[in-house]
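I have placed the structure first, in the form of structure tokens, so that the comments after it can refer back to it.
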Amino acid sequence: MIEVRDLTKTYDQIEALKGISFSVARGEIVGFLGPNGAGKSTTMKILTCFMPQSGGSVRVDGHDVNDDPLAVRRKIGYLPESTPLYPEMLVYDYLKWVADLRGVPRAQVAERIRKVAKMCGLSDRLAQTIGTLSKGYKQRVGLAQALIHDPEVLILDEPTSGLDPNQIVEIRNLIRDLGKDRTIILSTHNLPEVMATCTRMLIVHRGRLVADGTPAELQAREEDHPRVRVVVEGATVDDAKQALSDIEGVDEVRPALTAQDGAVALELVGAKGAEFRGEVFRRVVDRGWKLVELHREVLDLEGIFRKLTQEV
Amino acid sequence: MSTALRNVGALARRELAFFFNSPIAYIAITVFLAVCGVQLFVIHDFFGDNQATLRPLFEQIPLFFILYLPAIAMRLISEERRAGTIELLVTLPVTDTQIVLGKFVGALAFLAITLGATLVFPLIVGTIGDLDAGVVIGSYLGLFLVGAAYLAIGLMTSTWTKNQIVAFIVAVLLCAFFYGVDAMVASFWEGGRDAMAALSFKAHFTNIARGVVDTRDLVFYASVVAVALVAAKLSLEARNWRQA
Numbered sequence: 000m001i002e003v004r005d006l007t008k009t010y011d012q013i014e015a016l017k018g019i020s021f022s023v024a025r026g027e028i029v030g031f032l033g034p035n036g037a038g039k040s041t042t043m044k045i046l047t048c049f050m051p052q053s054g055g056s057v058r059v060d061g062h063d064v065n066d067d068p069l070a071v072r073r074k075i076g077y078l079p080e081s082t083p084l085y086p087e088m089l090v091y092d093y094l095k096w097v098a099d100l101r102g103v104p105r106a107q108v109a110e111r112i113r114k115v116a117k118m119c120g121l122s123d124r125l126a127q128t129i130g131t132l133s134k135g136y137k138q139r140v141g142l143a144q145a146l147i148h149d150p151e152v153l154i155l156d157e158p159t160s161g162l163d164p165n166q167i168v169e170i171r172n173l174i175r176d177l178g179k180d181r182t183i184i185l186s187t188h189n190l191p192e193v194m195a196t197c198t199r200m201l202i203v204h205r206g207r208l209v210a211d212g213t214p215a216e217l218q219a220r221e222e223d224h225p226r227v228r229v230v231v232e233g234a235t236v237d238d239a240k241q242a243l244s245d246i247e248g249v250d251e252v253r254p255a256l257t258a259q260d261g262a263v264a265l266e267l268v269g270a271k272g273a274e275f276r277g278e279v280f281r282r283v284v285d286r287g288w289k290l291v292e293l294h295r296e297v298l299d300l301e302g303i304f305r306k307l308t309q310e311v
Numbered sequence: 000m001s002t003a004l005r006n007v008g009a010l011a012r013r014e015l016a017f018f019f020n021s022p023i024a025y026i027a028i029t030v031f032l033a034v035c036g037v038q039l040f041v042i043h044d045f046f047g048d049n050q051a052t053l054r055p056l057f058e059q060i061p062l063f064f065i066l067y068l069p070a071i072a073m074r075l076i077s078e079e080r081r082a083g084t085i086e087l088l089v090t091l092p093v094t095d096t097q098i099v100l101g102k103f104v105g106a107l108a109f110l111a112i113t114l115g116a117t118l119v120f121p122l123i124v125g126t127i128g129d130l131d132a133g134v135v136i137g138s139y140l141g142l143f144l145v146g147a148a149y150l151a152i153g154l155m156t157s158t159w160t161k162n163q164i165v166a167f168i169v170a171v172l173l174c175a176f177f178y179g180v181d182a183m184v185a186s187f188w189e190g191g192r193d194a195m196a197a198l199s200f201k202a203h204f205t206n207i208a209r210g211v212v213d214t215r216d217l218v219f220y221a222s223v224v225a226v227a228l229v230a231a232k233l234s235l236e237a238r239n240w241r242q243a
């Protein structure tokens, strides 16, 4: 549905995108992640034909963004970052205006407005002036205008920013529902959001794509070297180190910190895919020490995100 | 083609609704009528003059328009840029030409409504004495054409900046320059007056306002509008020029 090849973008002297390639199939909900300034919004602005790329190509459902921008725009519903709206218009008038420009058949306009208003929880706000709405409701109006023509592709730049926790859950549910028969790309720096809504995540950092896969795939890929934290009582650091360093699969033993008096903490780093927690337990017990803690560090999505996007 | 018309219509209606859904339109038109009334009855001393003619008013309206119409046009694009709504506007399936035309038609409708409101003056004067209908109709045609040229210039400057005030000032300067270019040149070189009259908004308006509708004057205003709108479209389109 969406094909991005070697996309680059240079603003004046700054390289915002340094060659990004990915493709998105129909029915995928892709979370676009990255620190501020990583290139998320830039990619979305190019996808929606707001501005041209410096190099590379983008195709949406077979239409090139440079050669046939009107066809691309017809396919897409777009919620830009910070949701720019006309504050003086009534919600209903605004949605009708977008529907007209989106080419919704005249006879269906009222019905579509009613439908998207219901989906976005705006039914009782249609007669209100946009400027008087709260941030959450403005965000819903932004989403409603993106949905008015029932687009095949939705591009949402930070759809849940500025919403309270209840609204975030509602919008996530809505996005999941919409994703059943649509292609959705949403950007966020909120990791739980990706876990809750997306079938796939793309992580960008400094204009490059640094990860692409399902949350589970990324977890598997990034934590191939297990790290196990062991805390024992009744041993010296050297004794403990000696006792544990020759376990099969353990590559390195290093002292770690513990808040507990008289206890010794170690971190064991293992070979790829190694599992040695049982052996650690057996040896500690054999020597008559007291095992206080035995814990495998799980690199969660936040850890993966930080690892991939750390400033080097 | 019908989608193009529907798009231009929707864009134009939104612009017009913007003025009339706020006090702006009512205040602007009221002030404009007041200025016209002062010009006709106080400055010109219509009753002391004892002639049923509106020429002293119609001659001055293009001058008033130099401030009035750029004020109407200044926000058309610059406000979209400042507020960021331009991003949603240009990612809708509408062409840049449709955007420029829609905004222009919306502003023209506002001009037409303003001119419609000034019909009170010919109606009043017509009941007192004999008005030359030909001159009145010619004057209105001329005012509409001058106004269209000013609005097109205002729309053009509005695409150049995010700042409405800058757009307004540049448009006022351009309109004022082309209004009086022949008189300006004549002030230091009398021989240049006739040559410069070909470029002067005032000279072309005076011809039409006399009731003489000459194709040259119509073509002149149509050309000014076309050049300004094409410039506006190019400036809007400039975002799509790729950086090498």
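Chains as they are written, first to last, in numbering that gives the first Met the number 0: chain A, 0 to 311; chain B, 0 to 243. Ideal Cβ placement from N, Cα and C applies to all residues, glycine included. Keep in mind it's a predicted model, so treat the numbers as computed, not measured.
### Query
If you measure from the beta carbon of Cys-197(A) to each beta carbon in chain B, is any gap under 8 angstroms?
By one-based count along the first sequence, residue 197(A) stands at place 198. Using a Cβ-Cβ cut-off of 8 angstroms, Cys-197(A) does not count as an interface residue toward chain B, since no Cβ of chain B sits closer than that to its own.
### Query
Distance, Cα to Cα, Val-34(B) vs Gly-135(A)?
As a first step, residue 34(B) must be located in the second sequence, where it is residue number 35. As a first step, residue 135(A) must be located in the first sequence, where it is residue number 136. Taking the straight line from one Cα to the other gives about 45 angstroms.
### Message
At the level of alpha carbons, what is the spacing between Leu-228(B) and Ala-221(B)?
### Response
Here residue 228(B) refers to the residue found at position 229 when the second sequence is read from its first residue. Here residue 221(B) refers to the residue found at position 222 when the second sequence is read from its first residue. In this structure, the alpha-carbon of Leu-228(B) lies about 11 angstroms from that of Ala-221(B).
### Task
Taking Thr-90(A) as the reference, give the member of Ser-22(A), Asn-65(A) and Gly-120(A) with the closest Cα.
The residue labelled residue 90(A) in the question sits at position 91 within the first sequence. With the sequence shown as reference, residue 90(A) is identified as Val, and Thr is not the correct amino acid for it. When each option's Cα is compared against that of Val-90(A), the closest is Gly-120(A).
### Query
Using a Cβ-Cβ distance under 8 angstroms, would Pro-104(A) count as near chain B?
Taking the first sequence and counting its residues from 1, the one referred to as residue 104(A) is at position 105. Chain B has no Cβ within less than 8 angstroms of the Cβ of Pro-104(A).
### Query
Considering only residues of the same chain and omitting the five flanking positions on each side of Lys-102(B), which have a CB-CB separation below 8 angstroms?
For the purposes of this step, residue 102(B) is identified with residue 103 of the second sequence, where counting begins at 1. Excluding residues up to 5 positions away in sequence, Leu-10, Ala-11, Glu-14, Leu-75, Ile-76 and Leu-154 lie with their Cβ nearer than 8 angstroms to the Cβ of Lys-102(B) in the same chain.
### Query
In chain A, which residues lie with their C-beta within 9 angstroms of the C-beta of Ala-82(B)?
Translated into the one-based positions of the second sequence, residue 82(B) becomes position 83. Per Cβ cutoff of 9 angstroms: Pro-83, Leu-84, Tyr-85 and Pro-86.
### Message
Once DSSP output is grouped into helix, strand and coil, what is the label at Leu-121(A)?
### Response
Counting from one through the first sequence, the residue named residue 121(A) turns up at place 122. DSSP places Leu-121(A) in coil when its eight states are reduced to three.
### Task
Could you list the residues in the stretch 3-20 of chain B with a C-beta less than 9 angstroms from some C-beta on chain A, going in chain order?
Going along the stretch 3-20 of chain B in chain order, one finds Arg-5, Asn-6, Gly-8, Ala-9, Leu-10, Arg-12, Arg-13, Ala-16, Phe-17 and Asn-20 with a Cβ nearer than 9 angstroms to chain A.
### Message
Here's the rule I'm using: 16 or more other beta-carbon atoms within 10 Å means buried, otherwise exposed. How should Tyr-10(A) be labelled?
### Response
The count along the first sequence starts at 1 and reaches residue 10(A) at position 11. Exposed.
### Query
Does the distance from the CB of Ala-147(B) to the CB of Thr-156(B) come in under 8 angstroms?
Here residue 147(B) is taken as the residue at index 148 of the second sequence, counted from 1. Here residue 156(B) is taken as the residue at index 157 of the second sequence, counted from 1. Against a cut-off of 8 angstroms, the Cβ pair of Thr-156(B) and Ala-147(B) comes out as no contact.
### Task
Can you give me the Cβ contacts of Arg-124(A) inside the same chain, cut-off strictly under 7 angstroms, excluding the 5 residues immediately before and after it?
The count along the first sequence starts at 1 and reaches residue 124(A) at position 125. Annotation for Arg-124(A): Val-90, Leu-132 and Tyr-136 place their beta carbon closer than 7 angstroms to its own, counting only its chain and skipping 5 residues before and after.
### Task
Output yes or no for whether 8 angstroms exceeds the beta carbon distance between Ile-75(A) and Pro-150(A).
Start at 1 with the first residue of the first sequence, and residue 75(A) comes out as number 76. Start at 1 with the first residue of the first sequence, and residue 150(A) comes out as number 151. When the beta-carbon positions are compared, Ile-75(A) and Pro-150(A) come within less than 8 angstroms of each other.
### Reduced DSSP secondary structure (H/G/I, E/B, other) of Gln-242(B)
By one-based count along the second sequence, residue 242(B) stands at place 243. The predicted position of Gln-242(B) is uncertain, since its pLDDT is 49 and thus under 50; no value can be drawn from it.
### Task
Anything in chain B within Cβ reach of Arg-101(A), meaning under 7 angstroms, just list it in chain order.
In the first sequence, residue 101(A) corresponds to position 102, counting from 1. Those are Leu-91 and Pro-92, listed as they occur along chain B.
### Task
Taking all protein chains shown into account, decide if Val-119(B) is buried (16 or more other Cβ within 10 angstroms of its Cβ) or exposed.
Taking the first residue of the second sequence as position 1, residue 119(B) is located at position 120. With fewer than 16 other Cβ atoms within 10 Å, it is exposed.
### Message
For the stretch 250-259 of chain A against the stretch 205-222 of chain A, do three or more pairs of beta-carbon atoms, one drawn from each stretch, fall closer than 8 angstroms, so that the two count as touching?
### Response
Touching, no, given that fewer than three Cβ pairs across the two stretches are closer than 8 angstroms.
#### Entry: Phe-49(A) at chain B interface by Cβ criterion, 8 angstroms
Taking the first sequence and counting its residues from 1, the one referred to as residue 49(A) is at position 50. Yes - at least one Cβ of chain B is within 8 angstroms of the one on Phe-49(A).
### Task
Would you please verify whether the beta carbon of Pro-158(A) is less than 8 angstroms from any beta carbon of chain B?
Reading the first sequence from its first residue, position 159 is the one you call residue 158(A). Taking Cβ atoms only, chain B never reaches closer than 8 angstroms to Pro-158(A), which makes this a no.
### Query
Can you name, in chain order, every residue of its own chain whose Cβ lies under 8 angstroms from the Cβ of Ala-24(A), other than the five neighbours on each side?
Within the first sequence, numbered from 1, the residue matching residue 24(A) stands at position 25. Within the same chain, Ala-24(A) has close Cβ partners Met-0 and Thr-182.
### Message
Quick check: is the beta carbon of Pro-150(A) nearer than 8 angstroms to any beta carbon in chain B?
### Response
To locate residue 150(A), count along the first sequence from 1; it is residue 151. No, Pro-150(A) does not count as interfacial toward chain B.
### Query
If we count the other Cβ atoms within 10 Å of its Cβ and call it buried at 16 or more, is Phe-31(B) buried or exposed?
Position 32 of the second sequence holds residue 31(B). Phe-31(B) should be labelled buried.
#### Entry: Whole-number beta carbon distance between Val-291(A) and Ala-273(A), since they are thought to touch under 8 angstroms
Reading the first sequence from its first residue, position 274 is the one you call residue 273(A). Reading the first sequence from its first residue, position 292 is the one you call residue 291(A). Going by Cβ atoms, the distance from Ala-273(A) to Val-291(A) rounds to 23 angstroms, so no, they are not a contact pair.
#### Entry: Which residues DSSP lists as bridging Val-57(A), in chain order
The sequence position of residue 57(A) within the first sequence is 58, counting from 1. Answer by DSSP bridge pairing, in chain order: Val-3(A).
### Query
Along the chain, which unbroken stretches of the beta strand (DSSP E) at least 3 residues long are found entirely within the stretch 240-280 of chain A?
Qualifying beta strand (DSSP E) stretches, in chain order: 249-254 and 262-269.
### Query
Among residues of its own chain, excluding the 5 on either side of Ala-243(B), which ones have a beta-carbon nearer than 6 angstroms to its beta-carbon?
Position 244 of the second sequence, counted from the first residue, corresponds to residue 243(B). Confidence in Ala-243(B) is poor, its pLDDT being 40 and thus under 50, which makes the residue's placement unreliable; the coordinate value appears in the next sentence. So the list is empty, once near-sequence residues are dropped.
### Residue span of the beta strand (DSSP E) that contains Val-230(A), given as start and end
Start at 1 with the first residue of the first sequence, and residue 230(A) comes out as number 231. It spans 226-232 - the beta strand (DSSP E) in which Val-230(A) sits, taken as one unbroken run.
#### Entry: Glu-86(B): contacting residues in chain A (beta-carbon distance under 7 angstroms)
The sequence position of residue 86(B) within the second sequence is 87, counting from 1. Within chain A, the residues near Glu-86(B) are Phe-49, Pro-79 and Pro-83.
### Message
Tell me the DSSP secondary structure of Ala-106(A) in three-state form.
### Response
Stepping through the first sequence from its first residue, residue 106(A) is reached at position 107. Residue state, collapsed to three classes: helix.
### Task
Count the other CB atoms, across all protein chains shown, that sit within 10 Å of the CB of Glu-247(A); report buried if there are 16 or more and exposed otherwise.
Position 248 of the first sequence, counted from the first residue, corresponds to residue 247(A). Note on Glu-247(A): under 16 other CB atoms within 10 angstroms of its CB, so exposed under the neighbour-count rule.
#### Entry: Which residues DSSP lists as bridging Tyr-93(A), in chain order
Within the first sequence, residue 93(A) is the residue found at index 94, counting from 1. When DSSP reads this structure, Tyr-93(A) sits in no beta bridge, so it has no partner.
#### Entry: C-alpha distance - Leu-114(B) paired with Gln-59(B), whole-angstrom precision
Locating residue 114(B) in the second sequence gives position 115, counting from the first residue. Locating residue 59(B) in the second sequence gives position 60, counting from the first residue. Straight-line measurement puts the Cα of Gln-59(B) at about 14 angstroms from the Cα of Leu-114(B).
### Test: Leu-385(A) CB closer than 8 angstroms to a CB of chain B
Nothing can be reported for residue 385(A), as the shown portion of chain A is limited to 0 through 311.
### Task
Determine, using beta-carbon pairs with one atom in the stretch 132-150 of chain B and one in the stretch 199-216 of chain B, whether at least three such pairs fall under 8 angstroms.
The stretch 199-216 of chain B and the stretch 132-150 of chain B touch, with three or more beta-carbon pairs separated by less than 8 angstroms.
### Message
For a contact defined as C-beta to C-beta under 9 angstroms, what are the partners of Leu-69(A) on chain B?
### Response
Numbered from 1 along the first sequence, position 70 holds the residue referred to as residue 69(A). Against Leu-69(A), the close residues of chain B are Pro-92, Val-93 and Thr-94, in the order they occur along the chain (beta-carbon pairs closer than 9 angstroms).
### Task
Would you tell me roughly how many angstroms separate the C-alpha atoms of Arg-58(A) and Met-50(A), rounded to the nearest one?
Taking the first sequence and counting its residues from 1, one reaches residue 58(A) at position 59. Taking the first sequence and counting its residues from 1, one reaches residue 50(A) at position 51. Each residue's alpha carbon lies about 14 angstroms from the other.
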